[in-house]
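In this note's numbering, the protein residues as written are 1 to 376. Have a look at the structure below, then the notes.
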Amino acid sequence: MCPLQADDNYGGERYPQNLGLASLDSDASRHDARLSQLSKQLFVANDDSTFEFTAIGVPHDGNFIDQSYTWSRLCISEEHFRQLFTRMAVHPDFLHVVRLFCEKTGPVEEGFSSLFMHMSERHDFSHDSISGRDCSYYVGYNIKYVAKHGRRYPSDPFSIREVGVYQHFSSSDQQCRWVFLQAPNHLKDRLRHNLECLDNRSPTSQVLQHSMLLVQLSEDWREYLMYLEDEFSKIVDRGFFTNVKELHDEGDVQADFSDLRKLHILTDKLLRLAHILKMNIRLGRQLKDASSIRRIRVQGIQDFRSNEASKHINHEMQRLTEQGIKENGFIKRLTEQSTKDTRSMMAIALISAIFLPATFLAVSWLHTHKLVTWCD
């Protein structure tokens with residue numbers, strides 16, 4: 001996959017066409033047309049945009065884009081949105097998640113879930129990265145959760161909501177950037193704290209960030225299930241205690257058509273809840289499987305490096321062994337030569353021991369003979 005390179009003036013085009021993606025990676029023109037088509041349902045006017053656009057000269061580690069309320073438009077204009085996503089080089093596949101936050105008049109698309117994960121690798125010797133290699137990955141998804149709406153109507157105190165999450169990590173600059181769509185306030189506070197205090201470059205911290213987000217958004221499911229269980233028990237009790245054969249006295253429990261309607265509504269809620277929980281469970285498993293695949297790949301790389309190091313060590317040991325054998329042969333030859341030299345010295349010493357005394361006697365006799373001759 002081709003890595004993303006943001007350029008505000010790439011051929012005079014705008015996001016996502018200015019990312020310079022290959023056509024095999026993404027249909028940028030189609031994403032652009034779709035984004036323009038949904039502009040009125042997705043974005044507010046420039047004057048109403050509450051996003052701090054002046055702060056995106058250098059992308060932050062985390063950017064939060066909110067809605068006024070759950071079914072409203074995003075509080076950012078289309079122009080600011082395109083410029084922000086250009087600066088952050090957000091992968092166009094995340095637009096599938098962004099479209100879920102259009103202005104709505106009813107609980108539509110609550111059964112839709114999206115997840116994408118991409119990895120890219122390129123050689124870039126302009127960065128001080130390891131071996132000039134830039135390895136990046138992109139993760140984007142939406143997750144459903146339940147929260148109390150705090151309104152008088154409808155009678156159900158809970159509503160289904162969702163959060164959009166995008167992460168991009170680049171090894172060239174060791175930066176991890178996040179985008180969060182319509183995150184609840186308590187989650188935003190925790191995310192900001194984590195982004196400020198934790199090392200975002202650590203893969204462990206990044207995985208824990210996703211895990212924390214999934215766990216935090218799942219906290220209210222139990223309370224909602226208890227509420228639905230209580231409502232179901234009331235309907236069951238009403239049907240159980242209703243006398244269907246005899247005449248009803250004053251104060252007797254009577255079941256009517258409204259109870260049947262409530263039962264159908266409750267059944268629909270339970271079916272929708274089961275579907276949403278399955279989507280969230282599938283999302284968690286996919287994220288876990290993706291990290292497991294990465295772990296297996298990393299382990300494979302480590303095993304390969306370990307095998308290469310072992311081969312190198314074995315080669316060096318073999319070379320040292322051969323060098324030792326050669327040195328032993330040289331020492332053996334030196335020893336044999338020393339033995340020969342010792343034998344020669346012994347022969348010389350033996351010859352010296354035999355002939356040296358006679359030489360001394362001959363020299364002494366010659367000297368005495370010359371002395372006698374001189375005296376005469």
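We put the CB at the ideal spot given by N, CA and C, even for glycine. The model shown is predicted, which means the values in this text are computed figures rather than measured ones.
*In terms of residues, what are the limits of the beta strand (DSSP E) holding R161?*
What you label residue 161 is simply residue 161 of the sequence shown in a count that begins at 1. Counting along the chain, the beta strand (DSSP E) containing R161 begins and ends at F158 to S170.
_Residue burial classification, M279 (beta-carbon count within 10 angstroms, cutoff 16)_ = By 1-based counting over the sequence shown, the position of residue 279 is 279. Per the 10 Å Cβ criterion, buried.
*Which one of L191, S218, D220 and Y69 has the shortest CA to CA distance from Q206?*
As a first step, residue 206 is located in the sequence shown; it is residue number 206 there, counting from the start. Nearest C-alpha to Q206: L191.
*Can you give the Cα-Cα distance for D66 and K234, rounded to whole angstroms?*
The residue you call residue 66 lines up with position 66 of the sequence shown. The residue you call residue 234 lines up with position 234 of the sequence shown. Distance between the alpha carbons of D66 and K234 is about 38 Å.
*Give me the Cβ distance between E162 and Y138, rounded to the nearest whole Å; I'm assuming they're in contact under 8 Å.*
Indexing the sequence shown from 1 puts residue 162 at position 162. Indexing the sequence shown from 1 puts residue 138 at position 138. With 8 Å as the limit, E162 and Y138 do not qualify as a contact, their Cβ atoms being about 20 Å apart.
*Identify whether Y15 lies in helix, strand or coil by the three-state DSSP scheme.*
Start at 1 with the first residue of the sequence shown, and residue 15 comes out as number 15. In the structure shown, Y15 sits in coil (DSSP, three-state: anything other than H, G, I, E or B).
*Whose CA, out of M212, K340 and H149, lies closest to the CA of I143?*
Locating residue 143 in the sequence shown gives position 143, counting from the first residue. Here the closest residue by C-alpha is M212.
*Neighbour-count burial assignment, R222, 16 or more Cβ in a 10 Å radius*: As a first step, residue 222 must be located in the sequence shown, where it is residue number 222. Result: exposed.
*Who are the Cβ neighbours of S276 in its own chain at under 6 Å, not counting the five residues just before and after it?*
Counting from 1 along the sequence shown, the entry for residue 276 is found at position 276. Before going further, note that residue 276 is Ile rather than Ser in the sequence given. Cβ within range, chain order: K144.
*asked:* Using only the alpha-carbon positions, how far apart do D303 and A309 sit?
replied: As a position in the sequence shown, residue 303 is number 303, starting the count at 1. As a position in the sequence shown, residue 309 is number 309, starting the count at 1. Using only the alpha carbons, I get a separation of about 10 Å.
*Are E79 and Q41 close, meaning C-beta to C-beta below 8 Å?*
In the sequence shown, residue 79 corresponds to position 79, counting from 1. In the sequence shown, residue 41 corresponds to position 41, counting from 1. Not a contact, by the Cβ cut-off of 8 Å.
*Taking all protein chains shown into account, do 16 or more other C-beta atoms lie within 10 angstroms of the C-beta of W178, making it buried, or fewer, making it exposed?*
By 1-based counting over the sequence shown, the position of residue 178 is 178. Label assigned to W178: buried.
*Could you check what DSSP says for L198 in three-state terms: helix, strand or coil?*
By one-based count along the sequence shown, residue 198 stands at place 198. Note: L198 maps to coil in three-state DSSP.
_If you measure between the beta carbons of G164 and V98, is that distance less than 8 Å?_
For this step, residue 164 is matched to residue 164 along the sequence shown. For this step, residue 98 is matched to residue 98 along the sequence shown. Yes; because the gap between Cβ atoms is below 8 Å, this pair is in contact.
*Closest to N46 by CA distance: which of H31, W71 and Q83 is it?*
Reading the sequence shown from its first residue, position 46 is the one you call residue 46. It is Q83.
*Could you check the C-alpha separation between D25 and E316 for me, to the nearest Å?*
Taking the first residue of the sequence shown as 1, we reach residue 25 at position 25. Taking the first residue of the sequence shown as 1, we reach residue 316 at position 316. So the alpha carbons of these two residues sit roughly 45 Å apart.
*Looking only at its own chain, which residues have a Cβ that is under 7 Å from the Cβ of F64, when we skip the five neighbours before and after it?*
Position 64 of the sequence shown, counting from 1, holds the residue named residue 64. Cβ neighbours of F64 beyond the five flanking positions: F180, A183 and K188.
*Starting from the Cα of G62, find the closest Cα among S113, G150, F94 and E196 and give me that residue.*
Translated into positions along the sequence shown, residue 62 becomes position 62. Taking only the C-alpha atoms, the option nearest G62 is E196.
*Under the three-state reduction of DSSP, which class applies to V139: helix, strand or coil?*
If you number the sequence shown from 1, residue 139 lands on position 139. Looking at V139 - three-state DSSP - the assignment turns out to be strand.
_Buried or exposed by the 16-neighbour rule on C-beta atoms within 10 Å, applied to S126_ = Along the sequence shown, read from residue 1 onward, the residue named residue 126 stands at position 126. Legend: pLDDT at S126 = 42, less than 50; position of this residue unreliable, no value from coordinates given.
*Proximity of S136 and S171 at Cβ, strictly below 8 Å*: Translated into the one-based positions of the sequence shown, residue 136 becomes position 136. Translated into the one-based positions of the sequence shown, residue 171 becomes position 171. It is a contact, given that the beta carbons lie within the stated cut-off.
*Can you say whether G106 is buried or exposed, counting buried as having 16 or more other CB atoms within 10 angstroms of its CB?*
Numbered from 1 along the sequence shown, position 106 holds the residue referred to as residue 106. Its Cβ having fewer than 16 others within 10 Å, G106 is exposed.
*With L396 as the anchor, note down where its beta strand (DSSP E) starts and where it stops.*
Limits of the chain in this structure are 1 at one end and 376 at the other, which puts residue 396 out of reach.
*Return yes when the Cβ of F51 is within less than 8 Å of the Cβ of S166, no when it is not.*
Taking the first residue of the sequence shown as 1, we reach residue 166 at position 166. Taking the first residue of the sequence shown as 1, we reach residue 51 at position 51. Inspection of the sequence shows that residue 166 is occupied by Tyr rather than by Ser. Not in contact: Y166 and F51 (Cβ atoms no closer than 8 Å).
*asked:* By DSSP's criteria, Q175 is part of a beta bridge. Which residues make up the other side?
replied: As a first step, residue 175 is located in the sequence shown; it is residue number 175 there, counting from the start. DSSP lists S170 as partners of Q175.
*Chain-order list of residues whose beta-carbon lies under 8 Å from that of S218 (same chain, five-residue window excluded)*: Working through the sequence shown from its first residue, we reach residue 218 at position 218. These residues qualify, in order along the chain: Y145 and N280.
*Measure the C-alpha to C-alpha separation of D259 and R238 and round it to an integer number of angstroms.*
For the purposes of this step, residue 259 is taken as residue 259 along the sequence shown, with counting starting at 1. For the purposes of this step, residue 238 is taken as residue 238 along the sequence shown, with counting starting at 1. Taking the straight line joining both Cα atoms gives about 8 Å.
_In DSSP terms, what I65 is bridged to_ = Here residue 65 refers to the residue found at position 65 of the sequence shown. BP columns for I65 point to L181.
*What is the DSSP secondary structure of T54, reduced to helix, strand or coil?*
Locating residue 54 in the sequence shown gives position 54, where the first residue counts as 1. Reliability of the predicted coordinates at T54 is poor, the pLDDT of 43 falling under 50, and the value obtained from them is presented with this limitation in mind. Looking at T54 - three-state DSSP - the assignment turns out to be helix.
_Going by beta-carbon coordinates alone, are F85 and Y153 separated by less than 8 Å?_
Stepping through the sequence shown from its first residue, residue 85 is reached at position 85. Stepping through the sequence shown from its first residue, residue 153 is reached at position 153. No, the Cβ-Cβ distance between F85 and Y153 is not below 8 Å.
_Please report the straight-line C-alpha distance between A274 and G111, rounded to a whole angstrom._
Taking the sequence shown and counting its residues from 1, one reaches residue 274 at position 274. Taking the sequence shown and counting its residues from 1, one reaches residue 111 at position 111. Between A274 and G111, the C-alpha separation is close to 10 Å.
*In the DSSP assignment, find the unbroken alpha helix (DSSP H) run with L74 in it and report its ends.*
Taking the sequence shown and counting its residues from 1, one reaches residue 74 at position 74. No alpha helix (DSSP H) holds L74; the beta strand (DSSP E) holding it covers L74 to S77.
*Thinking C-alpha only, which one of E229, A28, S68 and L350 is nearest F101?*
Taking the sequence shown and counting its residues from 1, the one referred to as residue 101 is at position 101. Taking only the C-alpha atoms, the option nearest F101 is S68.
_Looking only at its chain, what residues have a beta carbon closer than 6 Å to the beta carbon of H168, apart from the 5 residues adjacent to it on each side?_
Within the sequence shown, numbered from 1, the residue matching residue 168 stands at position 168. Same-chain partners within the cutoff: Y138 and R177.
*Beta carbon of E231, beta carbon of L271: below 8 Å?*
The sequence position of residue 231 within the sequence shown is 231, counting from 1. The sequence position of residue 271 within the sequence shown is 271, counting from 1. Cβ distance not < 8 Å, so E231 and L271 don't count as in contact.
*Cα separation between F360 and S344?*
Within the sequence shown, the letter at position 360 stands for residue 360. Within the sequence shown, the letter at position 344 stands for residue 344. Rounded to the nearest angstrom, the two C-alpha atoms are 23 Å apart.
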